[in-house]
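Residues 76 to 292 in this note's numbering are what the sequence shown spells out, letter by letter.
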Amino acid sequence: MTVVKCKCGEVEVHLSTTKPLFRLMCCCNDCNAILQWAAWKRGESFYPAFQGIDKIYMKNSLKVLKGENLLRWVKLTKESVCLRSITTCCYSSLFVENLSILGPKIACIDVDFCDVQGSQACEVTAQIFEKDVPSNRREAICESFNGPRFEAGPEETSMWPSVIPTILNAQSTEVIFPKGFNSLREIIERSVKSYGWINLEDYNNNNKAPIVLSGRN
Numbered sequence: 076m077t078v079v080k081c082k083c084g085e086v087e088v089h090l091s092t093t094k095p096l097f098r099l100m101c102c103c104n105d106c107n108a109i110l111q112w113a114a115w116k117r118g119e120s121f122y123p124a125f126q127g128i129d130k131i132y133m134k135n136s137l138k139v140l141k142g143e144n145l146l147r148w149v150k151l152t153k154e155s156v157c158l159r160s161i162t163t164c165c166y167s168s169l170f171v172e173n174l175s176i177l178g179p180k181i182a183c184i185d186v187d188f189c190d191v192q193g194s195q196a197c198e199v200t201a202q203i204f205e206k207d208v209p210s211n212r213r214e215a216i217c218e219s220f221n222g223p224r225f226e227a228g229p230e231e232t233s234m235w236p237s238v239i240p241t242i243l244n245a246q247s248t249e250v251i252f253p254k255g256f257n258s259l260r261e262i263i264e265r266s267v268k269s270y271g272w273i274n275l276e277d278y279n280n281n282n283k284a285p286i287v288l289s290g291r292n
């Protein structure tokens, strides 16, 4: 079993497996915007530097042990299909659901921005969305990365020889739900029904820190 907690420990989620399906470093503007927004909400003096975000991908079978009332789901824009969970206690980034790319059987965990215990070690499969990295950060993020590198993501790239088979295999594997475990989708629907979405109104994928919010948080 893998245990995911927010940084302050008020939210705790269990996943039914310990073995990641694959692991990616994501350099997209969207992931970095969430980190900037969370830092702003915490009242930090400086936003995090633009970076590659370490993500592991697990079978989509979860159970919230405590703090479900503190989970909120962010849509960067009203049209977004990629949904990101943030905790209102300490603004940790926990999970990402992306049905358009990952499908319903895969849950993504932002391992650098929450506390993950019990998962098995997993080599990085690839680094993606390097096209979004600012020029002053390319040497630190891109040139120093040892492994497959891609300018975009799977929905925009014609050939991912080392990545696509891994994702396709994960999407085709049956997910077993032990008693009390659910998919991210069920957790999202309960949360949104009670609290609505968080939208970042000023976010337009231009790498500027979002400062205007709408929706309940």
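Beta carbons are placed, not taken as given, at the ideal position from N, Cα and C, and that holds for glycine.
Predicted model, so just to flag it, every value in this text is computed and none were measured.
Opening and closing residue of the alpha helix (DSSP H) in which residue i lies
i: alanine 113; result: 104–116
i: glutamine 246; result: 239–247
Span of the beta strand (DSSP E) around residue i
i: glutamate 218; result: Counting along the chain, glutamate 218 falls outside any beta strand (DSSP E), and DSSP gives it neither H nor E.
i: alanine 201; result: 201–203
i: aspartate 190; result: 190–192
i: arginine 212; result: Looking at the DSSP string, arginine 212 is not in any beta strand (DSSP E), and its letter there is neither H nor E.
i: phenylalanine 252; result: No beta strand (DSSP E) holds phenylalanine 252; DSSP gives it neither H nor E.
i: aspartate 185; result: 181–185
i: cysteine 101; result: 97–101
Three-state class that DSSP yields for residue i in the structure shown
i: asparagine 257; result: strand
i: leucine 137; result: strand
i: lysine 150; result: strand
i: glutamate 87; result: strand
i: tyrosine 166; result: coil
i: glutamate 172; result: strand
i: methionine 76; result: coil
i: leucine 177; result: coil
i: tyrosine 122; result: coil
i: lysine 130; result: strand
Any C-beta of chain B under 7 Å from that of residue i
i: isoleucine 239; result: Included in the structure is just one protein chain, with no chain B present.
Integer Cβ distance of residue i from residue j, believed to fall under 8 Å
i: isoleucine 216; j: cysteine 102; result: 6 Å
i: phenylalanine 188; j: leucine 110; result: 7 Å
i: phenylalanine 125; j: valine 199; result: Their Cβ separation, rounded to whole angstroms, is 18 Å, which puts phenylalanine 125 and valine 199 out of contact at 8 Å.
i: glutamate 172; j: leucine 259; result: 5 Å
i: aspartate 105; j: valine 186; result: Incorrect: roughly 17 Å between the Cβ atoms, too far for contact.
Sequence-distant residues of the same chain with beta carbon closer than 6 Å to residue i, five excluded per side
i: lysine 80; result: Glu87 and Asp190
i: lysine 134; result: Thr92 and Val250
i: lysine 94; result: Gln195
i: threonine 77; result: Leu90, Thr93, Gly193 and Ser194
Beta-carbon proximity of residue i to residue j, cut-off 7 Å
i: isoleucine 161; j: serine 155; result: no
i: glutamine 202; j: glycine 271; result: no
i: isoleucine 181; j: tyrosine 132; result: yes
i: serine 136; j: phenylalanine 256; result: yes
i: tryptophan 148; j: serine 247; result: no
i: threonine 163; j: leucine 174; result: no
i: glycine 228; j: phenylalanine 252; result: no
i: cysteine 183; j: arginine 98; result: no
Proximal residues to residue i (C-beta, below 7 Å), its chain only, five neighbours per side dropped
i: glycine 178; result: Gln246
Same chain, Cβ closer than 8 Å to residue i, neighbours up to 5 away in sequence not counted
i: alanine 113; result: Ile161, Tyr166, Ser167, Ser168 and Phe188
i: proline 123; result: Asn107, Leu110, Gln111 and Ala114
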